[in-house]
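Protein chains in written order, with my numbering: chain D, -19 to 274; chain S, -19 to 274; chain X, -19 to 274.
Beneath this line is the structure, given in structure tokens, with notes to follow.
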Amino acid sequence: MSARIITLMTDFGLSDYFVPAMKGRILSVLPEAMIVDATHEIVKYSVLDASLTLEGYWSCFPVGTVHLCVVDPGVGTDRAILVAEYMGHFFVAPDNGLLTCILEQAVRYPDNGPLRAWILKDENRYVKDPSPSFHGRDIFAPLAAEVASTGDPGGFLHLWDPVYLKRVSIPDAVSIENLITGLVIHVDSFGNLITNIRRSHFLQAHFPAPDHSAEDGDSADGITVSELFPYRIIANEVIFFPCRTFAMAQVKAEPLAMIGSSGRLELCMLEGCAAELEGFGIGTTVRIEVSGNR
Amino acid sequence: MSARIITLMTDFGLSDYFVPAMKGRILSVLPEAMIVDATHEIVKYSVLDASLTLEGYWSCFPVGTVHLCVVDPGVGTDRAILVAEYMGHFFVAPDNGLLTCILEQAVRYPDNGPLRAWILKDENRYVKDPSPSFHGRDIFAPLAAEVASTGDPGGFLHLWDPVYLKRVSIPDAVSIENLITGLVIHVDSFGNLITNIRRSHFLQAHFPAPDHSAEDGDSADGITVSELFPYRIIANEVIFFPCRTFAMAQVKAEPLAMIGSSGRLELCMLEGCAAELEGFGIGTTVRIEVSGNR
Amino acid sequence: MSARIITLMTDFGLSDYFVPAMKGRILSVLPEAMIVDATHEIVKYSVLDASLTLEGYWSCFPVGTVHLCVVDPGVGTDRAILVAEYMGHFFVAPDNGLLTCILEQAVRYPDNGPLRAWILKDENRYVKDPSPSFHGRDIFAPLAAEVASTGDPGGFLHLWDPVYLKRVSIPDAVSIENLITGLVIHVDSFGNLITNIRRSHFLQAHFPAPDHSAEDGDSADGITVSELFPYRIIANEVIFFPCRTFAMAQVKAEPLAMIGSSGRLELCMLEGCAAELEGFGIGTTVRIEVSGNR
Chain D
-19 MSARIITLMT DFGLSDYFVP AMKGRILSVL PEAMIVDATH EIVKYSVLDA
31 SLTLEGYWSC FPVGTVHLCV VDPGVGTDRA ILVAEYMGHF FVAPDNGLLT
81 CILEQAVRYP DNGPLRAWIL KDENRYVKDP SPSFHGRDIF APLAAEVAST
131 GDPGGFLHLW DPVYLKRVSI PDAVSIENLI TGLVIHVDSF GNLITNIRRS
181 HFLQAHFPAP DHSAEDGDSA DGITVSELFP YRIIANEVIF FPCRTFAMAQ
231 VKAEPLAMIG SSGRLELCML EGCAAELEGF GIGTTVRIEV SGNR
Chain S
-19 MSARIITLMT DFGLSDYFVP AMKGRILSVL PEAMIVDATH EIVKYSVLDA
31 SLTLEGYWSC FPVGTVHLCV VDPGVGTDRA ILVAEYMGHF FVAPDNGLLT
81 CILEQAVRYP DNGPLRAWIL KDENRYVKDP SPSFHGRDIF APLAAEVAST
131 GDPGGFLHLW DPVYLKRVSI PDAVSIENLI TGLVIHVDSF GNLITNIRRS
181 HFLQAHFPAP DHSAEDGDSA DGITVSELFP YRIIANEVIF FPCRTFAMAQ
231 VKAEPLAMIG SSGRLELCML EGCAAELEGF GIGTTVRIEV SGNR
Chain X
-19 MSARIITLMT DFGLSDYFVP AMKGRILSVL PEAMIVDATH EIVKYSVLDA
31 SLTLEGYWSC FPVGTVHLCV VDPGVGTDRA ILVAEYMGHF FVAPDNGLLT
81 CILEQAVRYP DNGPLRAWIL KDENRYVKDP SPSFHGRDIF APLAAEVAST
131 GDPGGFLHLW DPVYLKRVSI PDAVSIENLI TGLVIHVDSF GNLITNIRRS
181 HFLQAHFPAP DHSAEDGDSA DGITVSELFP YRIIANEVIF FPCRTFAMAQ
231 VKAEPLAMIG SSGRLELCML EGCAAELEGF GIGTTVRIEV SGNR
């Protein structure tokens, strides 16, 4: 199987020659590649931000896509150069934890089949004496193009046991009967605060999730919102009202919480910017507890 | 007729998984699509900004192009999902006024033929239970791909009378004999202030427009600029000198006014930033009146 | 020879209709063009920034690529519309010095063959009466598409002697025995300070360059870093420690200097932002002298 779609994620920004230099090297190896800019605005050096962002888009692409991800604070050190395959998608990245979200998914859903990994041993494969500060151009870009071109990393790379792959710690939310505690792990461009609380945490707490796909009644059926969601979502002493869709929200700039498109609980405001609330940002703790008026 | 160019405009910014998730869904439906990033920097939630920007580029593309526009403050409510066709171009957008510029053009130039519209009734056509906060990924992206793939929205959508389409109010300039009043409706990335005053308003006022395509004499023919343009352009007590081209301007950072590439009067400064003038921005009123020294 | 890859560099930013309008015009002339966004974040009106950025990516692309560069403070004046060919690549740009880096390279490496140039004499070739403030859309975009389509600028353009081409002054570093003086000419998105000091300046000063490709011993061989690099790199009284790779650096946020991926000396900090140092920016002078403790 050979591929030709190559998605490109970096923390390089768009104001330098870095991104076009990588694109040029890809096209020099594989002129018919279809390069898709994913994002170049990953928080600089943040492997966690890269992994969370990758989680949001990789599976939207067709099987066979090569996802090239270069957020590489260890460039020029001896961290490994990695290729992984999972569910028919290829991932090319430094071995620094960037693929943590993929590794976790492979563990969580064993029925999807295994993740396989390879490393590149010869750093001079594409450019003799690659720049120690720009492996993106001299190693990763042509490597991604060769993976796309051949569809067979095993044909030229060294098989590697996924248990050795680096991971970043994504702090897990804690859920017990009637109580969930988590924290904000990402702020999106609308100022929505994305938490590490998933629908499964609501199930564990025996709380109905503020999720559009819930089938446990509806406020239109004569049930009030506070009856539907018998809990309070609190962060920094601000109460966020659970809702399933923005259509349930009635007041602009009212603090809301809903399971967002990433499957995580998001703190947001209708046409507003939750991140501008005093003291909110990555790391803010979120607590979900039984509401007093139940 | 089938298409494969799909332009993409959103207010999502480029730092999240939102845009690549949409691109992936498009390519999953139509792997040979040529996705062209128009812009993802529309002012957040601003349907007016989206409409003005779309006006500036859609007709530059070949006939058959699909223009996907997702600026959707009403996502998750019952606003309709819209496809329109005009002059051989397709437009896919929420029905919130984003296509106002196209609707107005269809009215202004009836010889170009009618605008036709359809709506998608089945929100579950592409993804069962789409995310209520990300129709861009779960509905609009695959819809645009299907429109591009089939070239025939009527084959799977519900015909809709364009008179029912939502519009945004774009305040019109007022032009009478010897007087035009308008206002700034957009600030571009150079800091130029784009107004709602068009060449036609100059004609109505019996003023020669500061327009390169004018054929009513030239300053090089011994006519001074003040004779050529016998009026004053004033905003916030600043006088902007009319000119046809930047070549007519002699002083850097002098306030100028010319009909710009969008066909609208723009307030600008040679290699300067008019938007940094004290008190200028969207909504600033502009007045054009007979100059005192005529 | 015909091409189809067209790279696109502008100072237009990404928030307006400017860039998609250009893309649309390219695709209207050459529907099978593969448009590659290089960058649209060139410092506004900065021909120097454009030239330095172009230098960093053009040669990464395959032979036959058309590099369209529109940073054009003189739009609407009589500056010429230029096409150049060098080493099988085509360049389309205003004649304002933007191609200085290519011209200098052609002089420095005569074995690469000559640079050839042409100018467009008929500004109305593509659009009658082009907008005097947006030649990017009305002239440069279709011109680049025609160059890509035909691969033969000489077939429709006017041959032009490269000696007449405009250049920007890129201040040269000065290197004598045991002393180099240069300055910062660019700040990249990581806050690295890129200087005009190249490896050749180190050779002239009889200093070993802080360059990964050096083969003159290694600190791992029992030689200390200060023995390996017997000089001091000073700017604004801050001392930057020479190193070959980030792996040699041990302390985060320590000031470092290394020959970067552009072949120029860069002042940087491991996972830090050198540009945030007090008083540093474009124009900061850099001095390299024999270290006191030699």
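Virtual Cβ for every residue (Gly too), placed ideally from N, Cα, C.
| Item | Value |
| --- | --- |
| Would a C-beta distance cut-off of 7 angstroms place C49/D and L83/D closer than the cut-off? | no |
| According to DSSP, is M(-11)/X helix, strand or coil? | strand |
| Nearest to S284/S by alpha carbon, out of Y25/X, L10/X, E12/X and K3/X? | The shown model of chain S, from -19 to 274, leaves out residue 284/S, and the question about it has no answer. |
| For a cutoff of 7 angstroms on Cβ pairs, would you count C49/D as touching chain S? | no |
| Cβ of S8/X less than 7 angstroms from any chain D Cβ? | no |
| Confirm, please, whether the CB-CB distance from L245/S to I177/S is below 7 angstroms. | yes |
| Relative to chain S, which residues along the stretch 21 to 49 of chain D have a C-beta separation below 7 angstroms, given in chain order? | E21, T33, G36, Y37, C40, F41 and P42 |
| Would you mind giving the Cβ-Cβ distance between G261/X and V127/X, rounded to the nearest angstrom? I have them listed as a contact below 8 angstroms. | Between V127/X and G261/X the Cβ distance is about 37 angstroms, and since that is not below 8 angstroms, they are no contact. |
| Please check the pair T(-13)/S and A18/S, which I expect to be a contact at CB under 8 angstroms, by giving their CB distance rounded to whole angstroms. | 5 angstroms |
| Taking 6 angstroms as the line, does the beta carbon of L137/S fall inside it for any heavy atom of the ligand GTP? | Absence of the ligand GTP is noted for the structure shown, with no ligands found whatsoever. |
| Between V51/X, T80/X, D152/X and D(-4)/X, which has its C-alpha nearest L32/S's C-alpha? | D(-4)/X |
| Just to make sure I have the definition right: I need the residues of chain D whose C-beta is within less than 7 angstroms of the C-beta of A1/S. Which are they? | G36, Y37 and C40 |
| Report the partner residues of W140/X according to the DSSP bridge assignment. | A97/X |
| Terminal residues of the continuous beta strand (DSSP E) containing V167/D? | L159 to V167 |
| With a cut-off of 7 angstroms, does the C-beta of S199/X fall near any C-beta of chain D? | Any reading at S199/X must be qualified, since the residue scores a pLDDT of 46, below 50, and its modelled position is unreliable; the value itself is stated next. Chain D contact via Cβ: absent. |
| For the alpha helix (DSSP H) that I82/X lies in, which residues bound it at each end? | T80 to R88 |
| Tell me which residues share the same chain as T161/S and place their Cβ nearer than 6 angstroms to its Cβ, disregarding the 5 neighbours each side in the sequence. | V154 and R267 |
| Counting only beta-carbon separations shorter than 7 angstroms, does S(-18)/S have a partner in chain X? | Residue placement at S(-18)/S cannot be trusted, given a pLDDT of 48 that sits under 50; what the coordinates show is reported in the next sentence. Output row for S(-18)/S: interface = no. |
| Looking only at its chain, what residues have a beta carbon closer than 8 angstroms to the beta carbon of N92/S, apart from the 5 residues adjacent to it on each side? | Y66, M67, Q85 and A86 |
| Give me the DSSP bridge partner(s) of P235/X. | M249/X |
| Would you check if the stretch 118 to 125 of chain D and the stretch 89 to 107 of chain D touch, i.e. whether three or more CB-CB distances between them fall below 8 angstroms? | yes |
| Take G263/X and list the residues in its own chain whose beta-carbon comes closer than 7 angstroms to its own, dropping the five residues that flank it on each side. | L163 and V164 |
| At which residues does the alpha helix (DSSP H) containing T175/S begin and terminate? | Careful: T175/S lies outside any alpha helix (DSSP H), inside the beta strand (DSSP E) at L173 to R178. |
| Listing by chain order, which chain S residues have their CB less than 8 angstroms from the CB of D275/X? | Because chain X in this structure spans residues -19 to 274, residue 275/X falls outside the shown range and cannot be described. |
| Hey, does L120/X have any beta-carbon neighbour from chain S nearer than 7 angstroms? | In the sequence on display, residue 120/X carries Phe and not Leu. Taking Cβ atoms only, chain S never reaches closer than 7 angstroms to F120/X, which makes this a no. |
| Would you verify that the beta carbon of P11/X is, or is not, closer than 7 angstroms to some beta carbon of chain S? | yes |
| Along the chain, where does the beta strand (DSSP E) that runs through S155/S open and close? | V154 to I156 |
| Measure from the alpha carbon of T45/X to the alpha carbon of each residue in V51/X, F71/X and I22/X, then state which is nearest. | F71/X |
| How is L145/X classed by DSSP in three states: helix, strand or coil? | coil |
| Quick one: Cα of V205/D to Cα of L100/S, how far? | 30 angstroms |
| Would you check if the stretch 125 to 142 of chain X and the stretch 1 to 14 of chain X touch, i.e. whether three or more CB-CB distances between them fall below 8 angstroms? | yes |
| Please report the residue range of the alpha helix (DSSP H) in which D29/S lies. | V27 to Y37 |
| Taking Cβ positions only, does G77/S come closer than 7 angstroms to chain D? | no |
| Confirm, please, whether the CB-CB distance from S113/S to V23/S is below 7 angstroms. | no |
| Would a C-beta distance cut-off of 7 angstroms place L137/X and V43/X closer than the cut-off? | no |
| Can you tell me which of the three DSSP states A215/D falls into? | strand |
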